[in-house]
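Following: one structure in structure tokens, then a few remarks.
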Amino acid sequence: MATAKGYAAPAAGAPLAPFSFERRDPNPDDVVISIKYCGVCHSDIHMVDNGWGQSVYPIVPGHEIAGVVTAVGANVTKFKEGDPVGVGCFVDSCVTCKAARDLDREQYQPGLVLTYSGFEPGSDTPTYGGYSDHIVVKEDYVLSIPGNLALDAAAPLLCAGITLYSPLRHWNAGPGKKVAILGMGGLGHMGVKLAHAMGAEVTVLSQTLSKQADGLKLGASHYYATNDPKTFETLADTFDLIICTVSAPLDWGAYLGLLKVDGTMVLVGAPEEPATLNAFALIPGRRTLAGSMIGSIKETQEMLDFCGEKNIVADIEVIAIDKINEAYKRMHKSDVRYRFVIDMATL
Numbered sequence: 003m004a005t006a007k008g009y010a011a012p013a014a015g016a017p018l019a020p021f022s023f024e025r026r027d028p029n030p031d032d033v034v035i036s037i038k039y040c041g042v043c044h045s046d047i048h049m050v051d052n053g054w055g056q057s058v059y060p061i062v063p064g065h066e067i068a069g070v071v072t073a074v075g076a077n078v079t080k081f082k083e084g085d086p087v088g089v090g091c092f093v094d095s096c097v098t099c100k101a102a103r104d105l106d107r108e109q110y111q112p113g114l115v116l117t118y119s120g121f122e123p124g125s126d127t128p129t130y131g132g133y134s135d136h137i138v139v140k141e142d143y144v145l146s147i148p149g150n151l152a153l154d155a156a157a158p159l160l161c162a163g164i165t166l167y168s169p170l171r172h173w174n175a176g177p178g179k180k181v182a183i184l185g186m187g188g189l190g191h192m193g194v195k196l197a198h199a200m201g202a203e204v205t206v207l208s209q210t211l212s213k214q215a216d217g218l219k220l221g222a223s224h225y226y227a228t229n230d231p232k233t234f235e236t237l238a239d240t241f242d243l244i245i246c247t248v249s250a251p252l253d254w255g256a257y258l259g260l261l262k263v264d265g266t267m268v269l270v271g272a273p274e275e276p277a278t279l280n281a282f283a284l285i286p287g288r289r290t291l292a293g294s295m296i297g298s299i300k301e302t303q304e305m306l307d308f309c310g311e312k313n314i315v316a317d318i319e320v321i322a323i324d325k326i327n328e329a330y331k332r333m334h335k336s337d338v339r340y341r342f343v344i345d346m347a348t349l
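According to our numbering, the residues represented by the sequence shown are 3 to 349, in order.
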């Protein structure tokens, strides 16, 4: 066992503070990673506050991990010391589920082990995330980060990037498709970049026009304020695909009205409160309301390779670890453009 340093919340809603804990000794199929940067996802706040009712304390958040390999087990073949690598939202999954491997959707199968606030397989040892100095992960759950991408700006790709890439690919965003990204935050700005790179015509739907210049610069062709009722008249029956990145309660029915016949609205933001929906928001246009959750390891690597080819990274603000509680407060106010990333050298 090796002692690790990190930041943890001891209970729901408590501020994060320095925390020491034990990482397991590496197994023959493990990779040891020195964490250089960790993105700050809004999911981290939900989990620290136990907003979804599944948190395990003490909790060391962080599932947008970018670092460098420092050691590998004897059976590891994909990585070597010094490689730039990443770790996303899970560090193990059900290897006995045939569907997980055959259909490449392990993130939807039972037995998924979260990078933090989960338990090591077959034990009651909690998993601890990337707000820490190092991590030990099975080779099959480590991602290769293209060498042309800066590690700090690449870190958010491990959650924000794949969370948008997966539904865009699944619902065939590309040339000839009109795609709306609802919300211009840490997730949304990645959606704009990725959908544009895939060749779709991209529209941003944001509460105000305060980030319009950014949205157009990142690849959007159009930008509308949702606090203007005329937006919903102007854009009725317009989109093939809407990706909703907002984790606050919304009137989903109003946005479903912006879809063409057979259009799809995909939820990737997860409000803590349940929502209601009138069936006639779906029935007349044969519209679909769907959800999407991160991506498989295979798809996440595909996303990273795509981002390497297109030179896509997140727009970030790098912070010291002792500023994390302040960063959470700023995120509640949407005061970040567009992703906080912790420099773990400050730990």
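Yeah, the Cβ is synthetic: ideal placement off N, Cα and C, and Gly gets one too.
When DSSP labels each residue in this structure, what does residue i get in the three-state scheme?
i: V204; result: strand
i: V320; result: strand
i: D242; result: strand
i: C96; result: coil
i: S119; result: coil
i: G353; result: No statement about residue 353 is possible, as the shown extent of the chain runs from 3 to 349 and does not include it.
i: S223; result: coil
i: L258; result: helix
i: F342; result: strand
i: H44; result: helix
i: I61; result: strand
i: G53; result: coil
i: I67; result: strand
i: T228; result: coil
i: G293; result: strand
i: D85; result: coil
i: A281; result: helix
i: A113; result: For the sequence presented, residue 113 should be read as Gly rather than Ala. Here G113 sits in coil by DSSP.
i: A215; result: helix
i: L145; result: strand
i: T210; result: coil
i: L269; result: strand
i: T72; result: strand
Going by CA-CA distance only, name the one from the options that's closest to residue i.
i: D94; options: H48, L145, V50 and D85; result: L145
i: I244; options: E301, G190, C161 and D216; result: G190
i: L220; options: G265, G188 and G124; result: G188
i: E328; options: A68, E275, L18 and I183; result: L18
i: I299; options: R341, K140 and E319; result: K140
i: S212; options: Y9, N229 and M305; result: N229
i: A238; options: V248, E275 and K180; result: K180
i: I137; options: C96, T79, L151 and G90; result: G90
i: K195; options: T210, G178, S208 and L170; result: L170
i: Q56; options: V338, F121 and F81; result: F121
i: G88; options: H48, C40 and N52; result: C40
i: T210; options: E203, A197, L261 and T233; result: T233
I believe residue i touches residue j by the beta-carbon criterion, under 8 Å. Please report the beta-carbon distance rounded to the nearest angstrom.
i: M186; j: L166; result: That belief does not hold up - the Cβ atoms of M186 and L166 are roughly 12 Å apart, past 8 Å.
i: V50; j: A11; result: 5 Å
i: H65; j: T117; result: 4 Å
i: V315; j: A155; result: 4 Å
i: V115; j: P123; result: 6 Å
i: A227; j: V343; result: In fact, because the Cβ distance is near 28 Å, the residues do not count as touching under 8 Å.
i: P30; j: G75; result: 4 Å
i: P60; j: F21; result: 6 Å
i: L252; j: I147; result: 34 Å between Cβ atoms; not a contact.
i: E371; j: I164; result: Nothing can be reported for residue 371, as the shown portion of the chain is limited to 3 through 349.
Tell me which residue opens and which closes the alpha helix (DSSP H) that residue i is part of.
i: G163; result: A162 to H172
i: A155; result: L153 to A156
i: G8; result: Where G8 is concerned, there is no enclosing alpha helix (DSSP H), although the beta strand (DSSP E) it sits in stretches over A4 to A10.
i: S22; result: Here S22 belongs to no alpha helix (DSSP H); instead the beta strand (DSSP E) covers A19 to R25.
i: G193; result: G190 to A199
i: L306; result: I299 to K312
i: Y39; result: First-last for Y39: D32 to G41, but that is the beta strand (DSSP E), not the alpha helix (DSSP H).
i: H136; result: From DSSP, H136 is part of no alpha helix (DSSP H) but of the beta strand (DSSP E) over H136 to K140.
i: A329; result: I326 to H334
Kindly indicate the opening and closing residues of the beta strand (DSSP E) around residue i.
i: A182; result: K180 to L184
i: G15; result: First-last for G15: undefined, no H or E at that position.
Counting Cβ pairs closer than 8 Å, one from the segment 285 to 294 and one from the segment 246 to 266, do we hit at least three? Counting C-beta pairs with one atom in each stretch, the segment 285 to 294 and the segment 246 to 266 have three or more that are closer than 8 Å, which means they touch.
Cβ contact (3+ pairs, closer than 8 Å) linking the segment 209 to 224 and the segment 267 to 284: Taking a contact to require three or more Cβ pairs closer than 8 Å, the segment 209 to 224 and the segment 267 to 284 do not qualify as touching.
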